[in-house]
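Only one structure is covered here, and it is reproduced in the block below.
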Amino acid sequence: MGHLPRRARLVVTQMSEQIGNVTRDRYDAIVIEIRALVQQRNRTQFVIGDRALEIEPLRSQGGSQPARSEVAYSFTETLQMFADDTGCTLNQVRRWRWISSRWPKGQRRDEVPHYVHGILAAISEPEVRFAKIAEPPLIKRTGQRRWTQYEACRVVGWQVDRPETVQEKVDAVHELVADEKVASRIAADLLRRPEVTFQATADTTVQDRVAAAQELVRDEEVASRIATDLLRRPQVAARAMTDSTARHQVNRAQVDQARQGAEIVRQRTPALQHIEHTAEFLALVGA
503 MGHLPRRARL VVTQMSEQIG NVTRDRYDAI VIEIRALVQQ RNRTQFVIGD
553 RALEIEPLRS QGGSQPARSE VAYSFTETLQ MFADDTGCTL NQVRRWRWIS
603 SRWPKGQRRD EVPHYVHGIL AAISEPEVRF AKIAEPPLIK RTGQRRWTQY
653 EACRVVGWQV DRPETVQEKV DAVHELVADE KVASRIAADL LRRPEVTFQA
703 TADTTVQDRV AAAQELVRDE EVASRIATDL LRRPQVAARA MTDSTARHQV
753 NRAQVDQARQ GAEIVRQRTP ALQHIEHTAE FLALVGA
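See the structure below:
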């Protein structure tokens, strides 16, 4: 391939690129095919939601309700019947009905998945909601602007399954360390850095959570914030201090911090150095 022109080498490289078990060209064809099916599914979900909304309109909070004695079925019974007769679940019907109520037909986006409409439906102000969906975020991997589940969750402030920012990682770790036993293990482990030692435990639940938290705290800034937060919990701090290495690292950090603080004070207060020298001289004379 070395004798081929640069443009020809680029074409050959693109053609030979593998994604999973298929070529790049085949992958792109599959994506186009599935996107068409997803758009069709989106339309189907909106139609089901619209029809459920027609059968049982969404009333404003505190609005008047029709006397159920005048109808054959209750609200839930009606939606359950509709779900059964259409092959859906009651949760699906109720969810899609609510999403349809939040997105009038003129504000829906065919290129945006239905579940993204559902996430962004959490934005209370209609004007903000309609404007936001028209501004898809930039996806770094592709360089294209497109909505994904994670980007939509970030917009509404929901926790994401795949945290990327420092704050998202901190929030994810806090979810994992709600248990005191897990928190103590993580706190002790973080305080042992840079030589972090992981000791296996027979408790697979604790072990799995510790491993997941360890993955999230590889970043030093995340680790520092988590360690500080965990040590504010008295029981966690007490258990963490039973680890001799962690206790040594904390004591060493305190000494280093005190030394650095004293040095800063000396640099900012020249007169203090003179006082220290005088005290040393007097001590020597006294000796």
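Residue numbers (our numbering): 503 to 789. Ideal Cβ placement from N, Cα and C applies to all residues, glycine included.
Assigned secondary structure, L733 (DSSP; H/G/I helix, E/B strand, else coil)
Correct three-state label for L733: helix.
Using the three-state DSSP reduction, which class does I641 fall into: helix, strand or coil?
strand
Under 7 angstroms, do A654 and I621 count as touching if we go by C-beta distance?
yes
Contact between the region 547-555 and the region 592-609 (3+ Cβ pairs under 8 angstroms)
Touching, per the Cβ criterion.
Residue range of the unbroken alpha helix (DSSP H) whose run includes S602
592-604
Specify the secondary structure class of I521 as computed by DSSP and reduced to three states.
strand
Just confirm the distance between the C-beta atoms of V540 and P615, as a whole number of angstroms; I'd bet it's less than 8 angstroms.
6 angstroms
R611: which of W649, S726, D587 sits nearest, CA to CA?
W649
Which value, in whole angstroms, describes the spacing of the CA atoms of A725 and T525?
Taking the straight line joining both Cα atoms gives about 40 angstroms.
Could you check the C-alpha separation between R596 and L581 for me, to the nearest Å?
Their backbone Cα atoms lie some 7 angstroms apart in a straight line.
Grab the span of the alpha helix (DSSP H) containing E535 for me, first residue to last.
If you look at E535, you'll find it in the alpha helix (DSSP H) that goes 526-557.
Cβ-based burial, E519 [other Cβ within 10 Å; buried from 16]
exposed
Would you grab the beta carbon distance between Q609 and F584 for me? Rounded to a whole angstrom, and I think it's under 8 angstroms.
Going by Cβ atoms, the distance from Q609 to F584 rounds to 24 angstroms, so no, they are not a contact pair.
Return the first residue and the last residue of the alpha helix (DSSP H) that A636 is part of.
Per DSSP, A636 belongs to no alpha helix (DSSP H) and is neither H nor E.
Just to confirm, are A624 and V657 a CB contact at a threshold of 7 angstroms?
no
Please classify Q646: does DSSP put it in a helix, a strand, or coil?
strand
Would W598 and I635 qualify as a contact pair, given that the criterion is a beta-carbon distance under 7 angstroms?
no
Please list, in chain order, all residues of the same chain as T591 whose beta carbon is under 8 angstroms from its beta carbon, the five residues on each side excluded.
A585
If distances are taken between C-alpha atoms only, which option among T588, P606, E558 comes closest to Y575?
E558
In this structure, how does DSSP classify Y575 when only helix, strand and coil are distinguished?
coil
Is it right to say R687 is buried, meaning 16 or more other beta carbons lie within 10 angstroms of its own, or is it exposed?
buried
Going straight from the alpha carbon of L733 to that of N593, what length do you get?
42 angstroms
Comparing the C-beta of I532 with each C-beta of chain C, is any distance below 7 angstroms?
Among the protein chains of the structure shown there is no chain C, as only one such chain exists.
Using the Cα positions of I766 and R754, report the straight-line distance between them to the nearest angstrom.
The alpha-carbon of I766 is positioned some 18 angstroms away from that of R754.
Alpha carbon to alpha carbon, how far is S746 from Q547? Give it in angstroms, no decimals.
58 angstroms
So for V614, helix, strand or coil by DSSP?
coil
Assuming A729 and A689 form a contact by the criterion Cβ under 8 angstroms, report the distance between their Cβ atoms to the nearest whole angstrom.
6 angstroms
DSSP on T580, reduced to helix/strand/coil?
In the structure shown, T580 adopts helical secondary structure according to DSSP, grouped into three states.
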